[in-house]
Amino acid sequence: MFVSCPPPNPARHLVESLRQARIIPDVLNCEPQAVIQVLYPCDIVVEPGITISVDEAVKEPIIRWKSDASKLYTFVMIDLDMPKAKGHYLLWLVGNIPGCDVVRGERIVAYMDKRSSEGKELHRSLFLAYRQYLELDFDEPYLTAADTEGRAHFDVNGFAKKYALGSPIAANFFVAKWEWAWNWTAD
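Residues in the sequence shown are numbered consecutively from 2, following my numbering.
Printed below as a string of structure tokens:
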């Protein structure tokens with residue numbers, strides 16, 4: 002006798018992981034319908050909720066999601082676990098992306114390759130993709146990878162409302178773990 006198993010549903014697994022990590026309802030009040038594929042160097046594939054070393058997330062990843070090549074999208078990456086004094090911290094922001102070709106989009110905030118270990122040992126990093134209804138003229142300040150001012154207290158829902166982006170169509174997240182390469186001992 003053969004048992005037929007339903008195929009895995011990546012979007013359902015994503016939503017379950019977002020709920021378990023309290024991203025839904027604390028940050029998002031909707032359920033994204035697709036998973037953003039994230040690939041860091043050294044073949045580190047980000048599955049929803051995976052824990053990786055912060056050192057593995059230093060380089061800008063390759064990003065893909067199910068998209069329509071004739072539409073424009075906005076992509077956001079935020080750190081949800083900075084101290085309350087900094088709130089949600091903007092790590093990367095790209096707008097007017099044709100399809101899911103992030104490289105060809107308008108880089109508003111460059112990928113932050115060096116992150117602070119402030120706060121908790123574990124930091125949730127959230128990726129969101131929004132479908133735009135037209136090409137947008139963003140008035141956010143351009144930030145380089147080295148800029149730390151202007152990234153704190155990023156309100157992703159306020160940003161989405163400001164630009165009429167609606168709810169994110171796709172999401173993913175990982176947990177970055179701070180691991181120290183050395184141990185200090187007193188003599």
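Every residue, glycine too, gets a C-beta built ideally from N, C-alpha and C.
All figures in this text were calculated on a predicted structure; none of them were measured in a lab.
C-alpha distance - residue i paired with residue j, whole-angstrom precision
i: L94; j: I79; result: 9 Å
i: W183; j: Y143; result: Any reading at W183 must be qualified, since the residue scores a pLDDT of 35, below 50, and its modelled position is unreliable; the value itself is stated next. Between W183 and Y143, the C-alpha separation is close to 36 Å.
i: N158; j: D44; result: 31 Å
i: A192; j: F128; result: Nothing in the structure corresponds to residue 192, since the chain is present only between 2 and 188.
i: V47; j: P62; result: 10 Å
i: E107; j: L19; result: 28 Å
i: W66; j: C101; result: 6 Å
i: N10; j: D156; result: 30 Å
i: Y41; j: P99; result: 21 Å
i: R125; j: F174; result: 7 Å
i: F76; j: Y164; result: 13 Å
i: G167; j: S68; result: 16 Å
i: V59; j: L91; result: 15 Å
i: T52; j: V39; result: 13 Å
i: V16; j: P169; result: 12 Å
i: K121; j: R152; result: 18 Å
i: F139; j: R105; result: 16 Å
i: K85; j: D27; result: 14 Å
i: K87; j: W179; result: 18 Å
i: E192; j: E57; result: Residue numbering for the chain in the displayed model covers 2 to 188; residue 192 lies beyond these limits and cannot be assessed.
Backbone secondary structure at residue i - three-state DSSP
i: S54; result: strand
i: F139; result: coil
i: S126; result: strand
i: R108; result: strand
i: G96; result: strand
i: R65; result: strand
i: A161; result: helix
i: A153; result: coil
i: L73; result: strand
i: V36; result: strand
i: L29; result: coil
i: L144; result: strand
i: R23; result: coil
i: A12; result: helix
Whether residue i touches residue j by CB criterion (8 Å)
i: H89; j: H154; result: yes
i: I24; j: I64; result: no
i: D82; j: L29; result: no
i: A177; j: V55; result: yes
i: G50; j: A22; result: yes
Beta-bridge partners of residue i, as assigned by DSSP
i: I45; result: Y41
i: I79; result: L91 and L127
i: K178; result: S54 and L123
i: R132; result: Y74
i: A171; result: A35 and A130
_If contact is defined by three or more beta carbon pairs under 8 Å, each pair taking one atom from either stretch, is the segment 84-100 in contact with the segment 29-36?_
no
*Taking three-plus beta-carbon pairs below 8 Å as touching, is the segment 142-162 in contact with the segment 104-112?*
Yes: at least three Cβ pairs fall under 8 Å.
_Is it the case that the segment 67-87 contacts the segment 132-141, given that we only count it when at least three CB pairs across the two stretches are under 8 Å?_
Output reads yes: the segment 67-87 touches the segment 132-141.
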